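Reviewing the structure listed below.
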Amino acid sequence: MEDNITRLTCNDKEIILIATAHVSQESADLVKKVIDEEKPDSIGIELDEARYQNLRNPQAWETTDVVQVIKEKKTGFLMANLVLSSFQKKIARQLGTVVGQEAVQGMKSAEETGAHLVLVDRDIQTTFKRIWRKLGFWGQCKLFFSLIFSFGEDVTLTSEDVNEMLKNETLESMVAEMRKSFPVIGEVLLNERDKYIAHQIKQAPGKKIVVILGGAHIAGVKEELCKEQDIAQLLEVPKGNPVIKYVAWIIPLAMLGLFIYGFTINIQTGLEQLGVWVIWNSALAGIFTALVLAHPLSILAALVAAPFTSLNPFLACGWVAGLVEASVRRPSVRDISSVSQDMFSFRRFFKNRFLKALAVAIAANIGSTIGTFVAGTNIIKNLF
Numbered sequence: 005m006e007d008n009i010t011r012l013t014c015n016d017k018e019i020i021l022i023a024t025a026h027v028s029q030e031s032a033d034l035v036k037k038v039i040d041e042e043k044p045d046s047i048g049i050e051l052d053e054a055r056y057q058n059l060r061n062p063q064a065w066e067t068t069d070v071v072q073v074i075k076e077k078k079t080g081f082l083m084a085n086l087v088l089s090s091f092q093k094k095i096a097r098q099l100g101t102v103v104g105q106e107a108v109q110g111m112k113s114a115e116e117t118g119a120h121l122v123l124v125d126r127d128i129q130t131t132f133k134r135i136w137r138k139l140g141f142w143g144q145c146k147l148f149f150s151l152i153f154s155f156g157e158d159v160t161l162t163s164e165d166v167n168e169m170l171k172n173e174t175l176e177s178m179v180a181e182m183r184k185s186f187p188v189i190g191e192v193l194l195n196e197r198d199k200y201i202a203h204q205i206k207q208a209p210g211k212k213i214v215v216i217l218g219g220a221h222i223a224g225v226k227e228e229l230c231k232e233q234d235i236a237q238l239l240e241v242p243k244g245n246p247v248i249k250y251v252a253w254i255i256p257l258a259m260l261g262l263f264i265y266g267f268t269i270n271i272q273t274g275l276e277q278l279g280v281w282v283i284w285n286s287a288l289a290g291i292f293t294a295l296v297l298a299h300p301l302s303i304l305a306a307l308v309a310a311p312f313t314s315l316n317p318f319l320a321c322g323w324v325a326g327l328v329e330a331s332v333r334r335p336s337v338r339d340i341s342s343v344s345q346d347m348f349s350f351r352r353f354f355k356n357r358f359l360k361a362l363a364v365a366i367a368a369n370i371g372s373t374i375g376t377f378v379a380g381t382n383i384i385k386n387l388f
């Protein structure tokens, strides 16, 4: 395991980077061994404050209110977060361990030795918000469907597989593959965090620092340690694309204009265009909601709401359908606590009421959005 230790000196600090897998007991054992031998002044762990608190109090997750999540428009953000954490937990169960053992060991060692504990990672919400904003609408759709198609995949890893993944050439291949499919995710999830982590390491107190990192970060952090980083830029959440905001108003106003124009031709033409709008919006919102096996009342809510929410920039069909789903099938503590087990099983995913409510909200929004463009295109063809 000595291959997983990188030693370097920067700004008169001796820095020891330990490459770990977040699901490996061997990584946790290596962390303890290195800290006991090196007796560092500071121990850095790849966590932010929120994940640090979650590791200390794992039951806090069970109080999550799915209704509040939908109201705050965080369904897509939370779903992406759940996929990542659930995949890690699934692999950990296969290996007979738990996620984050290496970080927990770092926390324990800091308490035992009196070393400073340094949280070196960027706030996870900032990271995911930067990814989400930079992906754009079509990138978000691509990611969503990639996640959907991954639910039924059966991934099994052994401890030997995990050790192989920690080798530089294997990690480089995996990172390159991710950057090829989702370059934005590769940039924000790896490159930006490498810069932030390097900055935090340099701010750690003392002359000897041991830092516990996922293997994919070692090369990038090593490269960044003796450079300067623009932390303000790394912490900035990009503003939403102003074009999208304008489109959110332009489309409803344009559609209202088309309806009025249709009625100026004659009442029959105007009513026909209203019918086209209602049919396409309702049908596609209802179909997409039904595809995720929503409750009949949720499907009905999507059918009724879609034609109206598509004309109102302040409302979304998914909010209505998702809230109805969460109300008629209110998630239990068991649903929330078993998210990681249910996430990648097609059958169990759709039996989990917490995941179901999130899926309904996302699916209804996608269906309604597609319905808006299809209906608008047909109305323009009919009138001109």
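Residue 225 in our numbering is what sits at position 221 of the sequence shown, and the numbering runs on without skipping anything. Virtual Cβ for every residue (Gly too), placed ideally from N, Cα, C. Note that the structure is predicted; figures quoted are calculated from it, not measured.
Host alpha helix (DSSP H) of residue i (start-end)
i, result
"Cys321", "321 to 332"
"His203", "197 to 207"
"Arg60", "53 to 60"
"Lys243", "No alpha helix (DSSP H) holds Lys243; DSSP gives it neither H nor E."
"Ser31", "29 to 42"
"Lys75", "70 to 75"
"Val188", "187 to 190"
"Phe388", "That residue, Phe388, is in no alpha helix (DSSP H); it is neither H nor E in DSSP."
Sub-8 Å separation of residue i and residue j beta-carbons
i, j, result
"Ala208", "Val122", "yes"
"Val73", "Pro335", "no"
"Arg134", "Val225", "no"
"Ala298", "Cys321", "no"
"Gly375", "Thr293", "no"
"Arg357", "Asp346", "no"
"Met259", "Leu301", "no"
"Glu196", "Leu238", "yes"
"Ala310", "Asn285", "yes"
"Lys199", "Glu228", "yes"
Residue i in three-state terms, based on DSSP
i, result
"Cys230", "coil"
"Leu21", "strand"
"Gly104", "coil"
"Arg11", "strand"
"Val124", "coil"
"Leu170", "Only weak support exists for where Leu170 lies, its pLDDT of 45 falling under 50; the value from the coordinates is given anyway. Three-state DSSP puts Leu170 in coil, outside helix and strand."
"Asp16", "coil"
"Leu315", "coil"
"Leu99", "Bear in mind that the predicted position of Leu99 carries a pLDDT of just 44, short of 50, making it too unreliable to give a figure here."
"Ile383", "helix"
"Glu176", "Legend: pLDDT at Glu176 = 48, less than 50; position of this residue unreliable, no value from coordinates given."
"Gly218", "strand"
"Lys360", "helix"
"Lys112", "helix"
"Lys138", "helix"
"Lys146", "helix"
"Lys389", "The structure shown has nothing for residue 389, since the chain only spans 5 to 388."
"Val296", "coil"
"Lys249", "helix"
"Asp165", "Summary for Asp165: the model assigns pLDDT 47, below 50, so the residue's position carries little reliability, and this model does not support an answer."
"Gly375", "helix"
Integer Cβ distance of residue i from residue j, believed to fall under 8 Å
i, j, result
"Pro317", "Ala367", "Going by Cβ atoms, the distance from Pro317 to Ala367 rounds to 20 Å, so no, they are not a contact pair."
"Ile49", "Gly118", "That pair is no contact at about 16 Å."
"Leu359", "Val343", "6 Å"
"Leu262", "Ile383", "5 Å"
"Ile216", "Ile22", "5 Å"
The ligand GTP heavy atom lying under 7 Å from the CB of residue i
i, result
"Asp339", "You won't find the ligand GTP in this model; it holds no ligand whatsoever."
Segment limits, beta strand (DSSP E) that includes residue i
i, result
"Ser46", "46 to 49"
*Taking 8 Å as the threshold, find out whether the region 351 to 363 comes into contact with the region 278 to 286 through three or more Cβ pairs.*
no
*Taking three-plus beta-carbon pairs below 8 Å as touching, is the region 298 to 316 in contact with the region 39 to 49?*
no
_Three CB pairs or more closer than 8 Å across the region 209 to 221 and the region 235 to 249_ = no
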